[in-house]
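Shown next, in structure tokens, is the structure this report addresses.
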RNA sequence: GCCCUCGUAGCUCAGGGGAUAGAGCAGUGGCCUCCGGAGCCAUGAGCGCAGGUUCGAAUCCUGCCGAGGGCGCCA
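In this note's numbering, the protein residues as written are 434 to 967.
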């Protein structure tokens with residue numbers, strides 16, 4: 434990596450000043466403005482205080498020494514602003530990027546090793562099987578699935594799960610609601626009122642056991658919806674199976690052994706407040722029934738068998754639940770850095786310019802399946818993934834549908850389709866790529882050509898940061914930049930036109946191939962298709 | 001009242017303590033003589049407010065204002 438070369442050069446020049454500094458402590462950054470060079474270091478600013486030196490003077494001295502080292506990638510060094518050292522490089526470093534991308538290929542380029550085989554258990558969506566998945570739930574699906582792809586690319590062994598709450602009060606209420614709709618009876622208090630309940634009730638066979646049938650019907654619906662947006666799971670964990678296995682009793686015993694369980698007021702409590710929770714939580718109610726918290730603890734405890742790091746993706750409406758679960762995990766002996774909850778902000782659904790409040794009473798909702806039907810999985814996923822999980826998202830199904838053609842995902846996919854079109858046209862014209870080592874990369878000097886390589890050079894760190902920050906939207910943002918770079922290139926730099934010199938044509942064909950690799954990697958991480966034509 | 005997240009261009013959003021804060025959409029004006037115009041180029045406008053830390057703050061800290069969410073022996 435070029436940054437390592439430059440950082441080392443700076444570290445070496447410190448040595449000339451009899452100051453020891455590790456190359457890894459020298460920060461290299463891309464200047465925001467192109468006029469400030471290809472790479473820049475703030476090391477003089479950072480060190481000036483410790484050395485009690487004027488930062489500009491220090492920078493000037495360092496620059497002079499680096500210059501005398503005579504690295505041939507460096508075209509020019511300048512000291513700018515308060516003491517930045519700016520490097521202007523020959524395009525050679527970008528030519529190296531091209532070779533890197535081609536030799537490593539789609540499979541190996543931008544495959545950071547930070548995961549190093551560590552395992553992650555990632556749970557997301559886990560909506561109750563009491564109805565179709567609403568469009569808000571789609572956000573967790575897109576996010577979790579993409580995050581899993583990013584983790585895997587970074588070398589984490591990743592296991593994804595959906596926790597199915599297929600027992601308990603909610604499923605019973607749902608079953609009762611189905612019966613009420615079928616028989617024309619009154620809906621139970623807090624029952625499910627959505628239109629789908631009546632629809633499904635008509636489907637329900639007379640001999641079916643309503644609770645089990647309803648729960649299966651809903652789960653099937655959720656699974657189909659997620660599959661239609663290309664979201665799959667390694668494991669659908671059944672709460673019912675968990676409870677029937679005796680896991681609740683086991684985990685309560687474990688907690689009792691840990692000494693954090695109290696019996697008071699006729700109930701059984703877990704002293705979670707001693708681990709940062711606001712208050713203690715009831716495990717077993719005074720009527721003898723366990724709260725929902727118990728199977729949840731048992732489930733989370735078991736997930737540690739399927740991953741060293743257990744991550745939950747939760748909606749903001751569940752964030753208050755995190756401290757108690759974190760407390761329980763600590764009590765069960767799982768170190769606090771092994772359990773992580775990612776809190777995503779909720780989705781606001783809008784239709785006809787009006788916010789749709791999810792309501793059990795009125796039963797209004799926008800279903801994921803409806804969204805996918807209207808705009809397709811790629812538009813939906815890109816819309817979900819373009820935005821940071823920390824910000825509230827508004828999904829306006831009308832806007833998404835009507836503006837589908839201007840959707841940013843097409844901008845990206847169109848670039849990929851153009852690449853495929855170049856290949857097809859090359860075949861038509863009888864033009865083929867000669868071996869990489871027969872190519873003269875140095876003919877790539879056009880700013881549009883270099884911009885593609887500059888963009889590709891950032892992909893490895895983009896992937897790594899996306900994993901570290903649990904932020905798939907970084908990949909989405911990046912791939913738009915690559916698309917912009919490619920469209921610009923495509924506009925200004927003909928590849929197959931007859932007036933293009935043979936060696937330039939060869940180099941551009943290979944450049945197009947690197948862009949294809951970039952799109953393939955990025956789109957795969959987002960779980961979006963890479964079309965050959967549109 | 002306490003806790004969590006967020007407040008950036010007319011709208012939807014990016015922005016790992018760095019220099020002149022960027023995209024898309026919407027607006028305006030340009031660009032099809034051979035690879036796909038779902039494209040390219042140009043153009044206007046912005047960090048909620050007030051302090052603090054720092055050589056340097058949209059970014060970190062505090063307070064205020066605003067938005068959403070959470071504070072059950074519900075799930």
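The beta carbon of each residue, even a glycine, is placed where N, CA and C say it ideally should be.
Ranges of the alpha helix (DSSP H) found wholly within the segment 631-676, counting only runs of at least 4 = The qualifying runs are 643-661.
Determine the contact status of residue 566 and residue 661, defining contact as a CB-CB distance below 8 Å.
-> Within the first chain, the letter at position 133 stands for residue 566. Within the first chain, the letter at position 228 stands for residue 661. The answer is no: Cβ separation not under 8 Å.
Grab me the residues of residue 548's own chain with a C-beta within less than 6 Å of its C-beta, minus the 5 sequence neighbours each way, in chain order.
-> As a working mapping, residue 548 is identified with position 115 in the first chain. So the list reads 587, 588, 589, once near-sequence residues are dropped.
Between residue 905 and residue 899, is the Cβ-Cβ spacing less than 8 Å?
-> The residue you call residue 905 lines up with position 472 of the first chain. The residue you call residue 899 lines up with position 466 of the first chain. Closer than 8 Å, so yes.
Going by DSSP, what residues sit across from residue 701 in a beta bridge?
-> Taking the first chain and counting its residues from 1, one reaches residue 701 at position 268. Per DSSP, 696, 717.
Helix, strand or coil for residue 545, going by three-state DSSP, please let me know.
-> The residue labelled residue 545 in the question sits at position 112 within the first chain. Residue 545 falls in the coil class under three-state DSSP.
Name the residue from 512, 556, 458 whose alpha carbon lies nearest to the alpha carbon of residue 747.
-> Within the first chain, numbered from 1, the residue matching residue 747 stands at position 314. When each option's Cα is compared against that of residue 747, the closest is 556.
Is residue 745 buried or exposed, if buried means 16 or more other CB atoms sit within 10 Å of its CB?
-> Here residue 745 refers to the residue found at position 312 when the first chain is read from its first residue. When all chains shown are included, residue 745 counts as buried.
Look up residue 865 in the DSSP assignment and say whether it is helix, strand or coil.
-> Position 432 of the first chain, counted from the first residue, corresponds to residue 865. In the displayed model, residue 865 falls within coil according to three-state DSSP, outside both helix and strand.
Residue 826 bridges to which residues according to DSSP?
-> Position 393 of the first chain, counted from the start, is the residue given in the question as residue 826. Looking at the DSSP assignment, residue 826 forms a beta bridge with 780.
Return helix, strand or coil for residue 757, following the three-state DSSP convention.
-> Taking the first residue of the first chain as position 1, residue 757 is located at position 324. Note: residue 757 maps to helix in three-state DSSP.
Classify residue 747 as helix, strand or coil using the three-state DSSP reduction.
-> As a position in the first chain, residue 747 is number 314, starting the count at 1. Here DSSP, grouped into helix, strand and coil, assigns residue 747 to strand.
Among 481, 540, 470, which one has its Cα closest to the Cα of residue 510?
-> Here residue 510 refers to the residue found at position 77 when the first chain is read from its first residue. Comparing Cα-Cα distances from residue 510 to each of 481, 540, 470, the minimum goes to 470.
Beta-carbon proximity of residue 576 to residue 606, cut-off 8 Å | Numbered from its first residue, the first chain carries residue 576 at position 143. Numbered from its first residue, the first chain carries residue 606 at position 173. No, they are not a contact pair.
Based on Cα-Cα distance, which residue from 817, 938, 865, 844 lies nearest to residue 874?
-> Taking the first chain and counting its residues from 1, the one referred to as residue 874 is at position 441. Taking the Cα of residue 874 as reference, the smallest distance to any Cα among 817, 938, 865, 844 is reached at 938.
Could you tell me if residue 966 is buried or exposed, where buried requires 16 or more neighbouring beta carbons within 10 angstroms of its beta carbon?
-> Looking up residue 966 in the first chain gives position 533. Exposure of residue 966 is indicated by the presence of fewer than 16 other C-beta atoms within 10 angstroms of its C-beta.
Could you pull out every unbroken alpha helix (DSSP H) segment of at least 4 residues lying fully inside the segment 569-641, listed in chain order?
-> Runs of the alpha helix (DSSP H) inside the segment 569-641: 602-616, 628-636.
Buried or exposed: residue 540, going by 16 or more other Cβ atoms within 10 Å of its Cβ?
-> On the first chain, residue 540 is found 107 positions in, with the first residue counted as 1. Exposed, since its Cβ has fewer than 16 Cβ neighbours within 10 Å.
Can residue 733 and residue 743 be called in contact, C-beta distance under 8 Å?
-> Start at 1 with the first residue of the first chain, and residue 733 comes out as number 300. Start at 1 with the first residue of the first chain, and residue 743 comes out as number 310. It is a contact, given that the beta carbons lie within the stated cut-off.
When you compare only the Cα positions, how much space is there between residue 643 and residue 614?
-> The residue you call residue 643 lines up with position 210 of the first chain. The residue you call residue 614 lines up with position 181 of the first chain. Between residue 643 and residue 614, the C-alpha separation is close to 11 Å.
Residue 480, DSSP secondary structure in three states | For the purposes of this step, residue 480 is taken as the residue at position 47 of the first chain. Looking at residue 480 - three-state DSSP - the assignment turns out to be helix.
Boundaries (first-last residue) of the alpha helix (DSSP H) holding residue 916 | Residue numbering aside, residue 916 sits at position 483 when the first chain is read from its first letter. That run of the alpha helix (DSSP H) goes 906-925.
Determine, using beta-carbon pairs with one atom in the segment 837-848 and one in the segment 810-828, whether at least three such pairs fall under 8 Å.
-> With contact defined as three or more Cβ pairs closer than 8 Å, the segment 837-848 and the segment 810-828 are in contact.
Of the residues 680, 663, 664, the one placed nearest residue 671, counting alpha carbons only = Working through the first chain from its first residue, we reach residue 671 at position 238. The residue with the shortest Cα to Cα distance from residue 671 is 680.
Ends of the beta strand (DSSP E) at residue 556?
-> Here the question's residue 556 lines up with position 123 in the first chain. That run of the beta strand (DSSP E) goes 552-556.
DSSP-derived helix/strand/coil call for residue 508 | Position 75 of the first chain, counted from the start, is the residue given in the question as residue 508. Here residue 508 sits in strand by DSSP.
Is the CB-CB distance between residue 716 and residue 708 below 8 Å?
-> The residue given as residue 716 occupies position 283 in the first chain. The residue given as residue 708 occupies position 275 in the first chain. No, they are not a contact pair.
What does DSSP give as the partner residues of residue 518 in its beta bridges?
-> Against the first chain, residue 518 aligns to sequence position 85. 474, 512, per the DSSP bridge assignment.
For residue 507 versus residue 520, is the C-beta spacing smaller than 8 Å?
-> Numbered from 1 along the first chain, position 74 holds the residue referred to as residue 507. Numbered from 1 along the first chain, position 87 holds the residue referred to as residue 520. A contact, by the Cβ cut-off of 8 Å.
With a Cβ-Cβ cutoff of 8 Å, do residue 877 and residue 940 count as a contact?
-> For this step, residue 877 is matched to residue 444 along the first chain. For this step, residue 940 is matched to residue 507 along the first chain. Yes, Cβ-Cβ distance for residue 877 and residue 940 is below 8 Å.
Given 8 Å, three or more beta-carbon pairs between the segment 470-484 and the segment 440-455 | Under the 8 Å Cβ criterion, the segment 470-484 counts as touching the segment 440-455, having at least three qualifying pairs.
Taking just the CA atoms, how far does residue 919 sit from residue 870?
-> Here the question's residue 870 lines up with position 437 in the first chain. Here the question's residue 919 lines up with position 486 in the first chain. Each residue's Cα considered, the two are about 23 Å apart.
Where residue 803 falls: helix, strand or coil (DSSP) = The residue given as residue 803 occupies position 370 in the first chain. Three-state DSSP puts residue 803 in a helix.
Which residues mark the beginning and the end of the alpha helix (DSSP H) in which residue 682 is found?
-> In the first chain, the residue the question calls residue 682 occupies position 249. That run of the alpha helix (DSSP H) goes 680-691.
For the alpha helix (DSSP H) that contains residue 423, what are its first and last residues?
-> Limits of the chain in this structure are 434 at one end and 967 at the other, which puts residue 423 out of reach.
Which first and last residues belong to the alpha helix (DSSP H) in which residue 490 is found?
-> Here the question's residue 490 lines up with position 57 in the first chain. Segment 488-502, the alpha helix (DSSP H) holding residue 490.
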